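Chemist: This is the structure I want to talk about, given as structure tokens.
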Amino acid sequence: MSELRDVFITGTGAVLPGERIGNDRMEDFIGRIGGRPSAVGRRALRWNGIEGRHYALNEDGAPLHSNASMCAEAVRAALDAAGLSLGDLQHLGAAATQGDYLVPGHASAVQAELGAGPLEAFSYQSVCASALMAAKGAWLSVRAGEADVAAACAGEFSSRWFRPAFYEGTALVDEKGRARIEADFLRFTLSDGAGAVVMEPRPKPDGLSLKVEWIDMTSLAGRFDPCMWAGSTPEARADMTSAWSHAGPAAAHAAGAVALLQDFELLKIVIRAWIGVWLEKVDAGRIVPDQVDHLLCHYSARSLRQEIVGLLESTAAMIPEEKWFTTLADSGNVGSASIWVMLDAFLKSGRGKRGDRVLCIVPESGRAMIGFMMLEIV
């Protein structure tokens, strides 16, 4: 058996479609349920602290891209940054909360959009942490010598979930035309885009690369009901026999079981579970906070960051906030793509230098998962 190889991120790419949309124009793109402005939109924006985002559709709701095309563009950008061509690619891992089709998988669509020849392709469907699922698959493939060039990408086309047709005429809207908070809040939180990284067994000859020291994933799905989901009503979401496919698409839509939903009360509990995993890694010596130079932590809202900081400040796990890097306010919460959009912007910011250690953390509320990735700039 051959020895395991070191693995390096040699290129990153990010795609933020269309123009940057300010808070005052959001509903021009995602639409107004019942033709009325949202009752909770302003509150959601105060909560999340997002000032701008991008949508892969125009003001008429017509798509400018597909999820797959944005991912393909991000992979091309990452290959170009690594000084590689599409023909060099041997492994493709593609992540998304929801691809463009129900079937087949997202990776097949991304490969087709790339126009790539035969290669290994893997689809990862979850929520935000699916990006690190794809990254771990790519990392292990290169580390084991199965591939010399691997790409991990993640993309979201959340805005299409938020058009009025997903809610109007369903149980999610009351007799006064107001959408349930589990649905309406998310409309002002999530946005569109894609990101990608390329991994190789050696750093690129010029410029900075990132050595991937380790990637850890922890799922706590055995402890919690779904916290963010699509495919069931809020009341029946833990009963898999009540999922939309059993009722049929028309009945499921009428029941409000097709839209993307979030349980915000459960989210407050899940946050503490995420922090518990973080603390365990510090106690085990997997993460040594004093040795972390930069923290890229994905979070969906400024208020969640404040909650995370509040929980950590009294512990030895806290990493000073001056070491944190985020793109949330400027380009929004892009779900699974957020960590790659953040990493791409971090590298272009010039904040990192050789020898610095970068900790990436991606919690997801889907059914309580959290992922960690430790990098060293070389």
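Everything in the sequence shown is counted per full-length UniProt numbering, starting at 1 for the first residue and increasing by one.
Note that the Cβ used here is the ideal one computed from N, Cα and C, for glycine as well.
Predicted model only: the values in this text are computed from it and were never measured.
1) Measuring CB to CB, does Gly-49 end up less than 7 Å from Ala-329?
2) In angstroms with no decimal places, state the Cα-to-Cα distance between Arg-237 and Ala-243.
3) Between the beta-carbon of Leu-296 and the beta-carbon of Phe-325, is there less than 7 Å?
4) Please report the Cβ distance between Gly-11 and Leu-89, rounded to the nearest whole angstrom; I am assuming they are in contact, meaning their Cβ atoms lie under 8 Å.
5) Based on the DSSP output, what are the partners of Val-362 in its beta bridges?
6) I'd like to confirm something about Leu-172: is its beta-carbon nearer than 6 Å to some heavy atom of the ligand SAM, or not?
7) Which word fits Gln-306, buried or exposed, when buried means at least 16 other C-beta atoms lie within 10 angstroms of its C-beta?
8) Nearest CA to the CA of Asp-206: which residue from Ile-181, Arg-354 and His-91?
9) Would you mind working out which of Pro-226, Ile-319, Arg-302 and Arg-187 sits nearest Trp-47, comparing C-alpha positions?
10) Check whether the segment 171–182 touches the segment 336–351, taking contact to mean three or more Cβ pairs, one atom from each stretch, closer than 8 Å.
11) Roughly how many angstroms separate the alpha carbons of Gly-285 and Leu-190, rounded to a whole number?
12) Sort Arg-187, Asp-356, Ser-69 and Gly-115 by Cα distance to Ser-38 and report the nearest one.
13) Mind the definition here: the segment 3–22 touches the segment 68–88 only if three or more C-beta pairs lie below 8 Å; say whether that holds.
14) Taking only the alpha-carbon atoms, compute the straight-line gap between Ala-316 and Asp-216 and give it to the nearest angstrom.
15) Going by beta carbon distance, what residues of the same chain come within less than 7 Å of Gly-256, once the five residues before and after it are set aside?
16) What is the rounded straight-line gap between the Cα of Ile-308 and the Cα of Ile-370?
17) Please report the residue range of the beta strand (DSSP E) in which Ser-123 lies.
18) Just verifying my parser: in three-state terms, what is the DSSP assignment at Ser-232?
19) If you draw a straight line from the C-alpha of Thr-311 to the C-alpha of Trp-278, how long is it?
20) Is DSSP giving Leu-220 helix, strand or coil here?
21) Do Val-7 and Pro-203 have their beta-carbon atoms positioned less than 7 Å apart in this structure?
22) Return the chain-ordered ranges of every beta strand (DSSP E) run that is complete within the segment 314–351 and spans a minimum of 3 residues.
23) Under a three-way DSSP split, which group does Lys-353 fall into?
Modeler: According to the data block:
1) yes
2) Between Arg-237 and Ala-243, the C-alpha separation is close to 7 Å.
3) yes
4) The Cβ separation is near 11 Å, so there is no contact.
5) DSSP lists Gly-371 as the bridge partner or partners of Val-362.
6) Only the bare structure without any ligand can be found here, which leaves the ligand SAM out of the picture.
7) exposed
8) Arg-354
9) Arg-302
10) Touching, no, given that fewer than three Cβ pairs across the two stretches are closer than 8 Å.
11) 34 Å
12) Comparing Cα-Cα distances from Ser-38 to each of Arg-187, Asp-356, Ser-69 and Gly-115, the minimum goes to Arg-187.
13) yes
14) 20 Å
15) Closer than 7 Å at the Cβ level, and outside the excluded window around Gly-256, lie Thr-170, Ala-171, Leu-172 and Thr-233.
16) 13 Å
17) 120–125
18) coil
19) In the sequence on display, residue 311 carries Leu and not Thr. Between the alpha carbons of Leu-311 and Trp-278 lies a gap of roughly 11 Å.
20) coil
21) The answer is no: Cβ separation not under 7 Å.
22) none
23) coil
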